[in-house]
Amino acid sequence: MEERIKKISEAVKTIIECIGEDPKRQGLLKTPDRCAQSFMFFSKGYEESIEQIINDAIFEEDHDEMVIVKNIDVFSLCEHHLVPFTGKISIGYIPNRRVLGLSKLARIAEMFSRRLQLQERLTKQIAVALQEILKPQGVAVVMEATHLCMVMRGVQKPGSTTTTSVMLGVFREQAKTREEFLTLIKN
Amino acid sequence: MDFTQETGYYAPIPQKATSSTNGLIISHPYPLASRSDSPIDIDGLSWPSIGTKQRLYETKEQKEERIKKLTEAVKTIIECIGEDPKRQGLFKTPERCAQSFMFFSKGYEESIEQIINDAIFEEDHDEMVIVKNIDVFSLCEHHLVPFTGKISIGYIPNRRVLGLSKLARIAETFSRRFQLQERLTKQIAVTLQEILRPQGVAVVMEATHLCMVARGVQKPGSSTTTSVMLGGFREQANIREEFLSLIKN
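So the sequences go chain by chain: A and B.
Just so we're aligned, residue 1 is where the first sequence starts under the UniProt record's numbering, counting upward by one.
Just so we're aligned, residue 1 is where the second sequence starts under the UniProt record's numbering, counting upward by one.
Next comes the structure, spelled out in structure tokens:
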């Protein structure tokens with residue numbers, strides 16, 4: 001692990017030199033190490049395992065109405081530019097006798113977001129993971145995010161947001177269910 | 001760079017630098033002298049970093065070399081965090097990321113004179129002029145993670161008025177660097193003070209630092225506000241108050 005941090009620090013030091021800054025000035029002296037720790041933190045999702053996160057928080061419950069956890073703040077790194085994209089995820093599911101601890105929905109979102117991601121893939125991975133764990137009647141995940149890679153650089157359009165969604169099970173088949181979910185997550 | 005053209009009110013025409021070592025005269029490709037305490041340096045740059053002049057005046061091959069080094073560094077980072085740099089989504093990421101970093105640090109090599117572009121006008125106006133809610137995006141120099149915010153700039157002219165977009169352009173120049181929010185605010189204020197010699201300059205910046213929102217203490221919704229008040233804004237409380245209430249939404 002320390003070997004990795006050291007290699008990333010060297011790489012960051014190269015980056016700082018290449019853009020013309022002085023890696024020895026006071027403000028930048030420890031930046032390579034801090035930046036290396038940041039990158040390891042931003043990619044910690046790769047080493048987390050679903051079982052550890054769920055931690056057996058699946059309960060048998062006679063509930064078959066929609067359960068929604070909305071406005072989960074997530075922060076991820078765009079895999080094309082390594083620039084953050086930040087947004088909110090709303091997750092809904094209709095249990096099939098198995099209910100998940102509510103914070104686990106947010107933890108799953110966090111785990112998949114702490115990686116080099118594509119917003120479409122992130123949304124899908126959360127939905128498919130829930131489908132696999134709970135085998136519910138349906139899962140719906142909607143994500144709305146601001147991509148700094150198109151706000152800070154490139155086309156430079158602040159205020160623009162990207163919305164992706166994945167509907168599985170009854171959310172996909174029945175329009176009314178989908179509509180109810182979308183209405184409930186609207187602010 | 002054509003050094004023989006006019007450079008404006010405040011900077012002398014830069015000469016090609018020569019230095020003497022053991023009696024040998026060595027000619028450098030770029031001006032060596034600098035006034036690092038002034039917002040406008042000898043050749044128009046503004047607080048450049050140590051390698052800025054080399055980056056600005058280098059040849060095409062040297063620039064490609066630089067981008068290549070950056071690309072290699074990013075590839076190392078991707079490998080070290082455990083990802084596969086050969087998979088389709090990450091294949092061209094090192095190049096894209098290198099170009100991004102060059103873009104995020106282009107502020108070092110911009111010359112204030114070129115930005116101002118002689119847009120200073122003699123105008124008999126001595127009331128407050130404010131340009132507010134300028135979106136800026138910068139990189140935190142401690143973590144190389146973006147911080148984004150809005151800057152509001154106000155000044156009271158002293159017979160010299162600046163083209164309004166130039167206020168935003170100056171904010172943009174100083175933000176496209178590895179910055180500290182405090183330093184960014186101050187650099188904008190001091191530069192305006194130097195260019196216009198107005199009766200007062202006020203700069204207020206409110207920003208969200210992803211380095212404390214996406215990592216570390218992880219507090220989304222928090223924002224940092226810094227301000228610099230010079231001249232009339234510093235000395236007179238009612239002027240400051242008027243500015244602050246005018247920039248409130």
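Glycine included, C-beta positions come from ideal geometry on N, C-alpha and C.
Annotation for Met205 (chain B): the continuous beta strand (DSSP E) segment containing it runs 200–209. Counting the other Cβ atoms within 10 Å of the Cβ of Phe91 (chain B) gives fewer than 16, which makes it exposed.
If you draw a straight line from the Cα of Val129 (chain B) to the Cα of Asp22 (chain A), it comes to about 36 Å. Under the Cβ criterion of 7 Å, Arg34 (chain A) is counted among the residues facing chain B.
Where Leu168 (chain A) is concerned, the enclosing beta strand (DSSP E) starts and stops at 162–169. In this structure, DSSP gives Asp73 (chain A) an extended state, which the three-state scheme calls strand.
Using a 10 angstroms sphere on the CB of Glu110 (chain A), the tally of other CB atoms reaches 16 or more, which defines it as buried.
For the options A:Phe41, A:Met152, A:Ala11, A:Gln137, the alpha carbon positioned closest to that of Val217 (chain B) is the one of A:Phe41. Checking the DSSP bridge columns, you'll see Gly149 (chain B) partnered with B:Val136, B:Ala207. One alpha carbon belongs to Ala36 (chain A), the other to Leu210 (chain B), and they sit about 16 Å apart. For the 7 Å CB-CB criterion, Thr31 (chain A) and Ala73 (chain B) do not form a contact. Nearest CB-CB separation between Met152 (chain A) and chain B: below the 7 Å threshold. Glu110 (chain B) sits in coil when the DSSP states are folded into three classes, being neither helix nor strand. Within chain B, no residue has its CB atom less than 8 Å from the CB of Ala106 (chain A), the nearest being about 13 Å off. Rounded to the nearest whole angstrom, the C-alpha separation of Glu173 (chain A) and Ile94 (chain A) is 13 Å. Neighbourhood of Ile94 (chain A) in chain B, by CB distance below 9 Å: empty, with the nearest CB roughly 29 Å away. In this structure, the alpha-carbon of Lys106 (chain B) lies about 12 Å from that of Cys18 (chain A).
At a cut-off of 7 Å, the C-beta of Ile134 (chain B) has no neighbouring C-beta in chain A. Measuring C-alpha to C-alpha distances from Phe75 (chain A) to each of A:Met167, A:Leu122, A:Val128 identifies A:Leu122 as the nearest. Annotated as distal: Ala214 (chain B) and Phe147 (chain B), with beta-carbon spacing of 7 Å or more.
In the three-state reduction of the DSSP assignment, Ala145 (chain A) falls in the strand class, which pools E and B. The C-alpha of His142 (chain B) is placed about 37 Å away from the C-alpha of Lys186 (chain A). Excluding sequence positions up to five before and after Thr185 (chain B), its CB lies within less than 7 Å of the CB of Val203, Met205, Thr226, Ser227, Val228, all in the same chain and listed in chain order. In the structure shown, Arg160 (chain B) adopts extended strand secondary structure according to DSSP, grouped into three states.
Between Thr191 (chain B) and Pro39 (chain B), the C-beta gap is smaller than 7 Å, which places the two residues in contact. Membership of Glu83 (chain B) in any alpha helix (DSSP H) is not indicated, and neither H nor E is assigned to it by DSSP. By the neighbour-count criterion, in which a residue is buried when 16 or more other Cβ atoms sit within 10 angstroms of its Cβ, Ala57 (chain A) is exposed. Pairing Lys150 (chain B) with Asp135 (chain B) gives a Cβ-Cβ distance under 7 Å.
At a cut-off of 7 Å between beta carbons, Lys7 (chain A) contacts chain B.
Contact with chain B is found for Glu79 (chain A), since one of that chain's Cβ atoms lies less than 7 Å from the residue's Cβ.
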